[in-house]
Amino acid sequence: MSLIAAVQAREILDSRGNPTIEVDVLLESGDLGRAAVPSGASTGAHEAHERRDGGARYGGKGVRNAVDSVNGEIAQALEGNYLGEDQVAVDRALIELDGTETKKRLGANAILGVSLALADAAASEHGLPLFSWIGGARARRLPIPMMNIINGGSHADNNVDFQEFMVAPVGAPSFAEGLRWGAEIFHALKSVLRSKSLSTGVGDEGGFAPDLRSNAEAIEVILQAIDKAGLKPGSQVRLALDLAANEFLKDGKYHFEGRPHGSDELVSFLADWSAKYPIYSIEDGMGEDDWKGWLALTQAVGSKVQLVGDDLFVTNPKRLNEGIRQGIANAILIKVNQIGTLTETLDTIDLAHGAGYACVISHRSGETEDTAIADLAVASGAGQIKTGSLCRSERIAKYNQLLRIEENLGAAALYGPAASTRFGQSIAAATPAKAKATAAKNGTAKPSSTAKPGGTAKPAKSAEKKPAKKG
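Per this note's numbering: the sequence shown ends with 510, consecutive numbering throughout.
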């Protein structure tokens with residue numbers, strides 16, 4: 040139990056070549072924690088504030104001011120005053136130090152870097168992997184990967200309106216096997232696109248970004264790829280969409296496929312797709328402030344389809360509480376940089392689980408090689424993760440970390456949402472018999488409240504310990 044000895048930030052580049060912030064937290068024990076902060080392209084208006092410099096340097100996207108906040112005011116407040124395991128106290132101190140609702144003064148990117156680096160340092164000092172330090176002994180549920188294999192919208196320079204078309208290996212017996220299925224579908228899709236003389240260039244998140252005749256063609260070519268990979272749509276692999284509807288909402292109308300649509304038309308469109316295709320999840324199907332549209336969509340398909348609020352909820356407990364009150368959506372996307380501290384992220388996950396909402400841990404389009412969200416997915420028992428396609432090393436880094444975690448957990452590892460949850464039941468209903476038997480063996484406990492870092496629970500014995508010191 041060592042005090043924080045030093046806090047140091049620097050400017051690095053993310054996967055889009057834009058600056059972002061990386062933070063080191065050094066404890067008096069010599070243990071070092073490090074975290075790099077991601078950045079989004081299609082950002083919600085209600086997200087915590089990402090502090091950029093403006094001016095000519097890096098096109099205004101520099102983060103020197105955020106770096107200065109860490110190396111100056113934040114370092115002075117923390118060094119010698121807090122233990123490495125004081126996660127909640129440090130996060131609260133950072134929120135108070137900033138003094139604004141959106142973390143605008145210091146920058147959510149500055150605060151988040153410190154928060155995540157502190158958790159990494161504490162895990163190192165205690166000789167634990169990060170997922171065990173955050174989640175305790177109950178942290179053993181590997182997430183279903185929602186793999187984004189066709190990019191559109193703000194993530195690609197093509198004519199596809201919707202932002203992400205994903206495959207989810209819901210019928211796989213393990214994370215490793217599910218990842219293999221996804222990789223084989225990805226390569227099969229490349230072959231399908233080539234056979235149609237379509238582009239196999241990729242977008243921000245590593246998915247293919249061809250020009251297509253319609254949004255529906257994106258689904259059709261993915262279904263062909265699933266079949267070509269020798270897998271079964273619906274029972275083994277389901278589809279997930281991120282419309283990012285706010286990106287094509289103008290003057291109260293949703294503009295896609297060459298014309299404007301009202302909220303009721305978009306609801307009907309998505310209901311038709313959900314009936315026609317093996318879609319189990321739709322993210323941001325309506326605009327971030329179109330609460331009436333969201334309610335109509337929830338009433339239309341919410342009993343059959345996971346409806347995920349990203350721009351709608353922005354990992355913010357206040358907005359999530361309002362959604363729960365109105366009966367809007369049934370799942371939340373969790374992005375750590377939308378709220379700005381690990382503690383607030385875990386509180387939001389607890390709120391969602393307590394209300395019966397599913398959670399999907401997510402990356403951003405501007406990513407780094409940091410793998411903390413992979414550990415968070417297991418620590419929180421979310422059961423689902425979105426972290427891009429099967430290429431680009433900043434995406435693969437998260438998948439590889441999950442492979443390591445599954446290996447470390449050994450026979451204790453579970454896969455996918457808890458079977459007793461609504462979407463766990465939905466997925467289990469379409470799961471092959473062998474995987475159902477595995478799920479039955481694994482048990483059906485509901486997602487537990489997320490342990491705060493430094494809790495008393497011990498990790499599984501099979502979990503690999505981190506080195507005592509990091510360079």
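Even glycine gets a Cβ: it sits at the ideal position worked out from N, Cα and C.
**CA nearest to the CA of residue 426, picked from 142, 205, 88 and 451** = Here residue 426 is taken as the residue at index 387 of the sequence shown, counted from 1. It is 205.
**Prompt:** Considering only the beta carbon of each residue, do residue 285 and residue 327 sit closer than 8 Å?
**Reply:** Residue 285 sits at position 246 when you count from the first residue of the sequence shown. Residue 327 sits at position 288 when you count from the first residue of the sequence shown. Result yes, Cβ atoms of residue 285 and residue 327 sit closer than 8 Å.
**Asked** Is residue 55 closer than 8 Å to residue 244 when the C-beta atoms are compared?
**Response** Your numbering for residue 244 matches position 205 in the sequence shown. Your numbering for residue 55 matches position 16 in the sequence shown. Note that the C-beta distance between residue 244 and residue 55 is not below 8 Å.
**Assumed close pair residue 58, residue 129 - CB separation to whole angstroms, cut-off 8 Å** = Reading the sequence shown from its first residue, position 19 is the one you call residue 58. Reading the sequence shown from its first residue, position 90 is the one you call residue 129. Their Cβ separation, rounded to whole angstroms, is 25 Å, which puts residue 58 and residue 129 out of contact at 8 Å.
**Counterpart residues of residue 186 in DSSP-defined beta bridges** = Within the sequence shown, the letter at position 147 stands for residue 186. In DSSP, residue 186 forms a bridge with 206.
**Bridge partners - residue 63, DSSP secondary structure assignment** = On the sequence shown, position 24 is the one that residue 63 refers to. Paired residues: 47 and 73.
**Asked** Of the residues 269, 209, 236 and 381, which one's Cα is nearest the Cα of residue 227?
**Response** Position 188 of the sequence shown, counting from 1, holds the residue named residue 227. Answer by Cα proximity: 269.
**Item:** Collapsed DSSP secondary structure at residue 303 in the structure displayed
**Value:** Residue 303 sits at position 264 when you count from the first residue of the sequence shown. Three-state result, residue 303: helix.
**Asked** If you draw a straight line from the alpha carbon of residue 251 to that of residue 99, how long is it in whole angstroms?
**Response** Within the sequence shown, numbered from 1, the residue matching residue 251 stands at position 212. Within the sequence shown, numbered from 1, the residue matching residue 99 stands at position 60. So the alpha carbons of these two residues sit roughly 34 Å apart.
**Request:** Specify whether the stretch 61-80 and the stretch 150-169 touch according to this definition: at least 3 beta carbon pairs, one from each stretch, less than 8 Å apart.
**Result:** yes
**Asked** Three or more beta-carbon pairs under 8 Å between the stretch 366-383 and the stretch 120-140, yes or no?
**Response** yes
**Asked** Per the contact definition of three or more C-beta pairs closer than 8 Å, is the stretch 445-453 in contact with the stretch 406-416?
**Response** no
**Message:** Going by the DSSP bridge assignment, what does residue 372 pair with across the sheet?
**Reply:** Numbered from its first residue, the sequence shown carries residue 372 at position 333. Its beta-bridge partners are 399.
**Request:** Inspect the CB distances between the stretch 417-431 and the stretch 394-408 and report whether three or more fall short of 8 Å.
**Result:** yes
**Prompt:** To the nearest angstrom, how far is it from the Cα of residue 240 to the Cα of residue 164?
**Reply:** Translated into the one-based positions of the sequence shown, residue 240 becomes position 201. Translated into the one-based positions of the sequence shown, residue 164 becomes position 125. So the alpha carbons of these two residues sit roughly 43 Å apart.
**Request:** Over the uninterrupted beta strand (DSSP E) stretch that includes residue 278, give me the two end residues.
**Result:** Position 239 of the sequence shown holds residue 278. 277-281 is the span of the beta strand (DSSP E), which, as asked, contains residue 278.
**Request:** Would you mind reading off the limits of the alpha helix (DSSP H) that contains residue 135?
**Result:** Indexing the sequence shown from 1 puts residue 135 at position 96. 126-137 is the extent of the alpha helix (DSSP H) around residue 135.
**Asked** What's the C-alpha gap between residue 42 and residue 66?
**Response** What you label residue 42 is simply residue 3 of the sequence shown in a count that begins at 1. What you label residue 66 is simply residue 27 of the sequence shown in a count that begins at 1. Cα-Cα distance, rounded: 6 Å.
**Message:** Since residue 376 and residue 76 should fall inside the 8 Å C-beta cutoff, what is the C-beta to C-beta distance between them, to a whole number of angstroms?
**Reply:** If you number the sequence shown from 1, residue 376 lands on position 337. If you number the sequence shown from 1, residue 76 lands on position 37. At roughly 6 Å, the Cβ-Cβ gap stays under 8 Å, so residue 376 and residue 76 are in contact.
**Message:** Classify residue 120: buried if its beta carbon has 16 or more other beta carbons within 10 angstroms, exposed otherwise.
**Reply:** Here residue 120 refers to the residue found at position 81 of the sequence shown. Exposed: under 16 other Cβ atoms inside 10 Å.
**Asked** Buried or exposed: where does residue 290 fall if 16 or more other Cβ atoms within 10 Å of its Cβ makes it buried?
**Response** As a first step, residue 290 is located in the sequence shown; it is residue number 251 there, counting from the start. Under a 10 Å Cβ-count criterion, residue 290 is classified as exposed, with fewer than 16 other Cβ atoms of the shown protein chains found around its own Cβ.
**Message:** Mapping the DSSP letters down to three states, classify residue 539 as helix, strand or coil.
**Reply:** Absent from the model: residue 539. The displayed extent of the chain is 40 to 510, so no value can be given.
**Prompt:** Are residue 279 and residue 342 touching if we call contact CB-CB under 8 Å?
**Reply:** What you label residue 279 is simply residue 240 of the sequence shown in a count that begins at 1. What you label residue 342 is simply residue 303 of the sequence shown in a count that begins at 1. Not in contact: residue 279 and residue 342 (Cβ atoms no closer than 8 Å).
**Request:** In angstroms with no decimal places, state the Cα-to-Cα distance between residue 303 and residue 293.
**Result:** Within the sequence shown, residue 303 is the residue found at index 264, counting from 1. Within the sequence shown, residue 293 is the residue found at index 254, counting from 1. Whole-angstrom Cα-Cα distance: 10 Å.
**Prompt:** Is the CB-CB distance between residue 62 and residue 152 below 8 Å?
**Reply:** Counting from one through the sequence shown, the residue named residue 62 turns up at place 23. Counting from one through the sequence shown, the residue named residue 152 turns up at place 113. In this structure, residue 152 lies closer than 8 Å to residue 62 by Cβ.
**Item:** Separation of residue 178 from residue 85, as counted between CA atoms
**Value:** Along the sequence shown, one-based indexing puts residue 85 at 46. Along the sequence shown, one-based indexing puts residue 178 at 139. Approximately 30 Å between the Cα atoms of the pair.
**Message:** Please state the DSSP three-state secondary structure of residue 5.
**Reply:** Residue 5 lies beyond the stretch modelled for the chain, which goes from 40 to 510, so this question has no answer here.
**Message:** Less than 6 Å between C-beta atoms, sequence neighbours within five positions excluded: which residues of the same chain meet that for residue 117?
**Reply:** As a first step, residue 117 is located in the sequence shown; it is residue number 78 there, counting from the start. For residue 117, where only same-chain residues beyond five positions count, the Cβ hits under 6 Å are 43 and 46.
**Message:** Does residue 91 pass the burial test, meaning 16 or more other C-beta atoms within 10 Å, or should it be called exposed?
**Reply:** Start at 1 with the first residue of the sequence shown, and residue 91 comes out as number 52. Residue 91 should be labelled buried.
**Bridge-paired residues (DSSP) for residue 320** = To locate residue 320, count along the sequence shown from 1; it is residue 281. In the DSSP output, where bridge partners are listed per residue, residue 320 has 279 and 345.
**Asked** Just checking my contact of residue 306 with residue 346 at CB under 8 Å: how many whole Å lie between their CB atoms?
**Response** Counted from its first residue, the sequence shown places residue 306 at position 267. Counted from its first residue, the sequence shown places residue 346 at position 307. No, residue 306 and residue 346 are not in contact; Cβ-Cβ is about 11 Å, not under 8 Å.
**Request:** Could you tell me whether the Cβ atoms of residue 180 and residue 106 are closer together than 8 Å?
**Result:** Residue numbering aside, residue 180 sits at position 141 when the sequence shown is read from its first letter. Residue numbering aside, residue 106 sits at position 67 when the sequence shown is read from its first letter. No.
**Item:** Cutoff 7 Å; reference residue 394; Cβ partners in own chain excluding five residues on either side
**Value:** Numbered from its first residue, the sequence shown carries residue 394 at position 355. Counting only residues of its own chain and dropping the five nearest sequence neighbours on each side, residue 394 has a CB closer than 7 Å to the CB of 363.
**Message:** Output needed for residue 308: all residues of its chain with C-beta closer than 8 Å, excluding positions within five of it in sequence on either side, in chain order.
**Reply:** Counting from 1 along the sequence shown, the entry for residue 308 is found at position 269. Short of 8 Å from the beta carbon of residue 308, and not among the five residues preceding or following it, lie these beta carbons of its own chain, in chain order: 300.
**Asked** Considering only C-alpha positions, which residue in the set 191, 182, 258 and 263 is nearest to residue 209?
**Response** As a first step, residue 209 must be located in the sequence shown, where it is residue number 170. Of the candidates 191, 182, 258 and 263, the one whose C-alpha sits nearest the C-alpha of residue 209 is 182.
**Message:** Taking 8 Å as the threshold (C-beta atoms), are residue 429 and residue 186 in contact?
**Reply:** On the sequence shown, position 147 is the one that residue 186 refers to. On the sequence shown, position 390 is the one that residue 429 refers to. Their beta carbons are under 8 Å apart, which means residue 186 touches residue 429 by this criterion.
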